[in-house]
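Chains as they are written, first to last, in the working numbering: chain Y, 56 to 305; chain P, 1345 to 1619.
We treat Cβ as the ideally placed atom computed from N, Cα and C, and that holds for glycine.
Below you'll find the structure, written out as structure tokens, and then a few comments.
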Amino acid sequence: MSVSAIKVQDLTVFYQNSEVLSGVSLEIALGDYVGIVGPNGSGKTTLIKSMVGLIEPAQGNIEILGTALAAFTKWSSVGYLPQKNNVMDPRFPANVYEVIASGILSAKRFPKILNKQDQMRIENTLEILNIVDLRDHLIGRLSGGQQQRVMLARALVNQPSILLLDEPTVALDPHTRESFYTLLQKLNKEQNITILLVSHDPVTVGNFATKLLYLDKKVIFYGKFGEFCSAKNMKDYFGLEAQHLMCHQH
Amino acid sequence: MNSFSSQIIDALHYAFIQRAILAGVLIALCCSFLGIFLVLRRFSLIGDGLAHVSFAAIALGLLLKQSPLLISVPIVVVASLLIFRMTEKSVMYGDAAIGLLSAVGIAVGVTLASISGGFNVDIFSYLFGNILSISKEEIVLTVILSAIVIFSVLFFYHDLFAVSFDNDNAKVMGVKTSRVNYVLLMLTSLTVVLGIKVVGTMLVSSLIIFPAVSALQIARNFKAAILFASILAILSVLIGIAVSYVFDLPAGATIVEVNFTFFVLAFLARRLFKL
Chain Y
56 MSVSAIKVQD
66 LTVFYQNSEV
76 LSGVSLEIAL
86 GDYVGIVGPN
96 GSGKTTLIKS
106 MVGLIEPAQG
116 NIEILGTALA
126 AFTKWSSVGY
136 LPQKNNVMDP
146 RFPANVYEVI
156 ASGILSAKRF
166 PKILNKQDQM
176 RIENTLEILN
186 IVDLRDHLIG
196 RLSGGQQQRV
206 MLARALVNQP
216 SILLLDEPTV
226 ALDPHTRESF
236 YTLLQKLNKE
246 QNITILLVSH
256 DPVTVGNFAT
266 KLLYLDKKVI
276 FYGKFGEFCS
286 AKNMKDYFGL
296 EAQHLMCHQH
Chain P
1345 MNSFSSQIID
1355 ALHYAFIQRA
1365 ILAGVLIALC
1375 CSFLGIFLVL
1385 RRFSLIGDGL
1395 AHVSFAAIAL
1405 GLLLKQSPLL
1415 ISVPIVVVAS
1425 LLIFRMTEKS
1435 VMYGDAAIGL
1445 LSAVGIAVGV
1455 TLASISGGFN
1465 VDIFSYLFGN
1475 ILSISKEEIV
1485 LTVILSAIVI
1495 FSVLFFYHDL
1505 FAVSFDNDNA
1515 KVMGVKTSRV
1525 NYVLLMLTSL
1535 TVVLGIKVVG
1545 TMLVSSLIIF
1555 PAVSALQIAR
1565 NFKAAILFAS
1575 ILAILSVLIG
1585 IAVSYVFDLP
1595 AGATIVEVNF
1605 TFFVLAFLAR
1615 RLFKL
């Protein structure tokens, strides 16, 4: 039996006495590209944060790569890009190279030193994300799009098998957003990286993801896009036009 | 100028000046190393709060006729843990917790000083520092504690960087963030106690904040920020000791004023050279 990338069973999370997630169960296979959509306050960010251990659930189990979350230690296999609420502190004195290197060094045991292989991985990641020219720039002085590429580079530098992205394109202009999604699709297809992408924009998710998770405190729909397109009740959530648009573009 | 330099060269022969320089350089290194992380984590004022707590500990030490610095170490460490726990458990905001313990520290210190016969020369030397009077025993304590702080910062450097950059992401990347935060507070507690001898409880936070904020004006990467902060902190202490010796000024206050001058220069350099 093959190991799932992430398995969630009966997950319930409370925030200040109100239920944010209720009995959520789902299984994400290795190599899936899952778009997570839902209205504001539907628990999308809570689900992602629970998966990486930043939020303690009231009930339920989470497994990452076949290991219970509490016992999971191989965090270099997981890349996480949190929601970007505000612009990075322009005074933070780290350059792009240092930020990406911290992705490797944080996962290392002592002594935390970059070896030649690590340095090559950083160079490769800089190239993949097309940010070689930015390596000595201060992270806080970059544009929103450039910063997001650097943060993605840090999440990717350990060559993770799972990538969790929480609204990664909020600060980006439409053109940068498009190229960012294209890059994710390439990573998913060429490197078989499992991607979970939280988005406010179901149409964009429809363009790139292979599966859709519609969340509204509980799982409303989780499955392939083909199934979603034939599910009649989905128009109640998205509106008929949006559902058609997503299905047509996919 | 010749007179100034000859007086400095003469002064270097005195054992008390040699002790002041050794202690000052070590404490400057500790403060600058930690200062960068504390400033970036918006924890700058914890030095101020812990220094006020240490005032109570010093008053207790003087009352009990024990080494005030030795008594301060455990009390300040416990206070730093209290601040962190209150913040972490969302009992109250971090600045409120610092303000609360700071006020209690001063109040208890004043009460204990009053019980032990009021404010005397000893209390004043801890309030405003007197590095030129540092004893051999205090030098030994300074060397040991400074070595602990410096080696710990070097050991946890990458974890401290990750936590300062983004605490949540650091946790996901496998950094034991709680442990790193506790280590940072422990080291800050030790450094605050050490800094009291240099500039006193009233000014010790300036030793932590000034070199860091000056370095942040001009550094183009993280290692450079640490290096600049260390150089500026050491220069401030050395120039401060020299000026205070030659012109018979209080050493602690002079060191802070030199630090402020460096900050102004770094600020202007950033503006003028568009760093």
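CB contact flag (serine 105 of chain Y, valine 1519 of chain P, <9 Å): Their beta carbons are not under 9 Å apart, which means serine 105 of chain Y does not touch valine 1519 of chain P by this criterion.
Delimiting residues of the beta strand (DSSP E) encompassing asparagine 116 of chain Y: Judged by DSSP secondary structure, asparagine 116 of chain Y falls within the beta strand (DSSP E) whose first and last residues are 114-119.
Candidates P:Leu1534, P:Gln1561, P:Ile1492, of which the one nearest valine 1548 of chain P by Cα: The candidate whose alpha carbon is nearest that of valine 1548 of chain P is P:Leu1534.
Euclidean distance between Cα positions of leucine 1616 of chain P and glutamate 245 of chain Y: Rounded to the nearest angstrom, the two C-alpha atoms are 48 Å apart.
Whole-angstrom distance between glutamate 153 of chain Y and glutamate 182 of chain Y, CA atom to CA atom: Taking the Cα positions, glutamate 182 of chain Y is about 16 Å away from glutamate 153 of chain Y.
Rounded straight-line distance, which links the Cα of arginine 146 of chain Y to that of serine 254 of chain Y: Computed Cα separation, rounded: 29 Å.
Assigned secondary structure, isoleucine 248 of chain Y (DSSP; H/G/I helix, E/B strand, else coil): Of the three classes helix, strand and coil, the one that applies to isoleucine 248 of chain Y here is coil, per DSSP.
Short CB-CB distance (under 9 Å) between arginine 1301 of chain P and chain Y: Residue 1301 of chain P falls outside the range modelled here, since chain P spans only 1345 to 1619, and no answer is possible.
Residue-level contact to chain P via CB, glycine 133 of chain Y, 9 Å cutoff: According to the sequence as given, residue 133 of chain Y is valine; it is not glycine. Valine 133 of chain Y counts as touching chain P.
Span of the beta strand (DSSP E), counted from its first residue to its last, around isoleucine 275 of chain Y: Isoleucine 275 of chain Y -> beta strand (DSSP E) spans 274-279.
Heavy atom of the ligand SAH within 8 Å of alanine 1401 of chain P beta-carbon: Annotation note on the ligand SAH: not contained in the displayed structure, which lists no ligands.
Coil, strand or helix - glycine 90 of chain Y by DSSP: Looking at glycine 90 of chain Y - three-state DSSP - the assignment turns out to be strand.
Arginine 176 of chain Y at chain P interface by Cβ criterion, 9 Å: Answer no: the Cβ-Cβ gap between arginine 176 of chain Y and chain P never drops below 9 Å.
Residues near serine 1411 of chain P by beta carbon distance below 7 Å, same chain, minus five either side: Listed in chain order, the non-local C-beta contacts of serine 1411 of chain P below 7 Å within the same chain comprise Gly1405, local neighbours out to five positions each way being set aside.
Three CB pairs or more closer than 8 Å across the stretch 1436-1455 of chain P and the stretch 1547-1567 of chain P: These segments do not touch.
Inter-residue spacing [alpha-carbon to alpha-carbon] between leucine 1504 of chain P and asparagine 1603 of chain P: One C-alpha to the other measures close to 25 Å.
Cβ contact check for the stretch 88-101 of chain Y and the stretch 266-273 of chain Y: 3 or more pairs under 8 Å: Yes, the stretch 88-101 of chain Y touches the stretch 266-273 of chain Y.
Beta-bridge partners of threonine 122 of chain Y, as assigned by DSSP: For threonine 122 of chain Y, DSSP records a beta bridge to Y:Ile119.
Nearest candidate by alpha-carbon position, reference threonine 1455 of chain P, set P:Thr1521, P:Phe1399, P:Ser1434: Measuring C-alpha to C-alpha distances from threonine 1455 of chain P to each of P:Thr1521, P:Phe1399, P:Ser1434 identifies P:Phe1399 as the nearest.
Threonine 265 of chain Y beta carbon less than 9 Å from that of phenylalanine 276 of chain Y: Going by C-beta atoms, phenylalanine 276 of chain Y is not nearer than 9 Å to threonine 265 of chain Y.
Separation of valine 1421 of chain P from histidine 1396 of chain P, as counted between CA atoms: Taking the straight line joining both Cα atoms gives about 13 Å.
Under 7 Å by beta carbon: chain P residues contacting glutamate 153 of chain Y: Those are Asn1565, Phe1566, listed as they occur along chain P.
Beta-bridge partners of aspartate 1503 of chain P, as assigned by DSSP: Looking at the DSSP output, aspartate 1503 of chain P sits in no beta bridge, so it has no partner there.
Cβ neighbours of arginine 1385 of chain P in the same chain (closer than 6 Å, five flanking residues each side left out): Setting aside the 5 residues that flank it on each side, arginine 1385 of chain P is surrounded in the same chain by Ser1508, each with a C-beta closer than 6 Å to its C-beta; the list follows chain order.
Local conformation of valine 107 of chain Y per DSSP, three classes: Looking at valine 107 of chain Y - three-state DSSP - the assignment turns out to be coil, as it is neither helix nor strand.
Contact list for glycine 1518 of chain P against chain Y, beta-carbon separation under 8 Å: Contact of glycine 1518 of chain P with chain Y by beta-carbon distance below 8 Å involves Thr128, Trp130, Ser131, Ser161, Ala162.
Test: serine 157 of chain Y CB closer than 9 Å to a CB of chain P: Yes, its Cβ sits closer than 9 Å to a Cβ of chain P.
First and last residue of the uninterrupted beta strand (DSSP E) at serine 80 of chain Y: First-last of the beta strand (DSSP E) with serine 80 of chain Y: 73-83.
As assigned by DSSP and simplified to three states, the class of glycine 1449 of chain P: In the structure shown, glycine 1449 of chain P sits in a helix (DSSP, three-state: H, G or I).
Minimum Cβ-Cβ distance from lysine 1515 of chain P to chain Y less than 9 Å: Closer than 9 Å: yes.
Amino acids of chain Y, ordered along the chain, whose beta-carbon sits closer than 8 Å to that of alanine 1569 of chain P: Ordered by position in chain Y, the residues that pass the 8 Å Cβ test against alanine 1569 of chain P are Pro148.
Three-state secondary structure (DSSP) of phenylalanine 1377 of chain P: In the structure shown, the three-state DSSP call for phenylalanine 1377 of chain P is helix.
DSSP three-state assignment for asparagine 186 of chain Y, whether helix, strand or coil: Note that residue 186 of chain Y is isoleucine in the sequence shown, not asparagine. If DSSP states are grouped into helix, strand and coil, isoleucine 186 of chain Y belongs with coil.
Proximity below 9 Å, CB of leucine 1489 of chain P to CB of tyrosine 1589 of chain P: For leucine 1489 of chain P and tyrosine 1589 of chain P, no; Cβs fall outside 9 Å.
Stretch pair the stretch 1416-1436 of chain P + the stretch 1519-1531 of chain P: three plus CB contacts closer than 8 Å: Counting C-beta pairs with one atom in each stretch, the stretch 1416-1436 of chain P and the stretch 1519-1531 of chain P have three or more that are closer than 8 Å, which means they touch.
Within chain P, the residues that lysine 167 of chain Y reaches when beta carbons sit closer than 7 Å: Per Cβ cutoff of 7 Å: His1502.
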